[in-house]
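Numbered according to my numbering, the sequence shown spans residues 422 to 606. The next block holds one structure in the form of structure tokens; read it before the comments.
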Amino acid sequence: MSVIEELLDAGAHHFGESRHQDAAPKADALEGRDLTWHFVGQIQSNKARAIARYASVIHSLDRDSVVDALVTSEHRVDGFIELNLTDDPGRGGVQTADDMLRLAERILAAGTIDLRGVMAVAPQDADPSAAFADVATMSEILRQAYPNATAISAGMSADWQQAIEHGATHLRIGSSITGNRPTPR
422 MSVIEELLDA GAHHFGESRH QDAAPKADAL EGRDLTWHFV GQIQSNKARA IARYASVIHS
482 LDRDSVVDAL VTSEHRVDGF IELNLTDDPG RGGVQTADDM LRLAERILAA GTIDLRGVMA
542 VAPQDADPSA AFADVATMSE ILRQAYPNAT AISAGMSADW QQAIEHGATH LRIGSSITGN
602 RPTPR
């Protein structure tokens with residue numbers, strides 16, 4: 422029995438995956454079971470529609486091309502705008518409130534995405550509490566413009582307590598439950 426099946430039997434119903442190539446076969450194998458898939462990894466635009474076939478929630482909406490790809494999906498999804506909490510523009514996520522609000526407008530115009538809130542990963546080289554305080558501020562800015570966008574997806578195995586202190590409503594706990602991923606050969 423897989424870890425997911427054990428967790429389903431124990432009463433868990435929400436599962437996340439960060440890699441499409443890992444998520445798709447799991448979703449196929451568990452089709453018909455009472456569960457909700459959350460996609461939490463970076464999305465390549467050309468895979469967005471395939472991800473929307475199984476994921477009811479996408480936590481990593483970070484650019485126009487991903488939103489545009491989801492416009493043509495026949496599946497409606499809940500979405501989170503990914504925030505980039507680093508100075509690295511190459512990392513996924515929007516960096517400014519203006520960019521977040523512009524992307525939110527595009528998401529709502531898409532008609533296939535229900536905007537739920539923001540998502541962020543705390544930088545590994547910084548205090549997670551300070552990073553999550555920034556997330557809470559950005560969330561409030563989004564909520565003022567879009568009152569239904571109330572959720573905050575933040576906090577992983579190492580920093581979930583700090584995320585909760587700053588309003589996280591969705592945690593992405595993986596390695597503490599399932600262990601670390603095998604190292605690719």
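Here a beta-carbon is modelled for each residue, glycine too, at the ideal position from N, C-alpha and C.
Spatial distance of residue i from residue j (CA atoms)
| i | j | result |
| --- | --- | --- |
| ARG564 | ALA518 | 12 Å |
| ASP508 | PHE553 | 16 Å |
| VAL424 | SER439 | 16 Å |
| TYR567 | ASN505 | 20 Å |
| MET422 | PRO446 | Its pLDDT being 38, under 50, MET422 is placed unreliably by the model, and nothing is read from it. |
| ALA543 | GLY576 | 8 Å |
| PRO510 | GLU561 | 23 Å |
| ILE594 | ALA584 | 12 Å |
| ALA551 | ARG537 | 23 Å |
| GLU452 | ALA589 | 29 Å |
Integer-rounded CB distance, given that residue j should sit under 8 Å from residue i
| i | j | result |
| --- | --- | --- |
| ARG527 | HIS496 | Not confirmed; about 18 Å, so no contact. |
| THR533 | SER574 | Not a contact, Cβ separation roughly 19 Å. |
Proximity below 8 Å, CB of residue i to CB of residue j
| i | j | result |
| --- | --- | --- |
| ALA572 | HIS591 | yes |
| ALA531 | VAL492 | yes |
| GLY432 | VAL461 | no |
| HIS459 | HIS434 | no |
| VAL498 | SER466 | no |
| VAL556 | HIS587 | yes |
Bridge-paired residues (DSSP) for residue i
| i | result |
| --- | --- |
| VAL539 | ILE502 and ILE573 |
| ARG593 | MET577 |
| PHE436 | TRP458 |
Any non-hydrogen atom of the ligand NAP closer than 7 Å to residue i Cβ
| i | result |
| --- | --- |
| SER439 | Annotation note on the ligand NAP: not contained in the displayed structure, which lists no ligands. |
Selected residue, minimal CA-CA separation from residue i, among the options
| i | options | result |
| --- | --- | --- |
| LEU456 | ILE464, LEU429, LEU482 and GLY514 | LEU429 |
| GLN545 | MET521, ARG512 and ASP520 | ARG512 |
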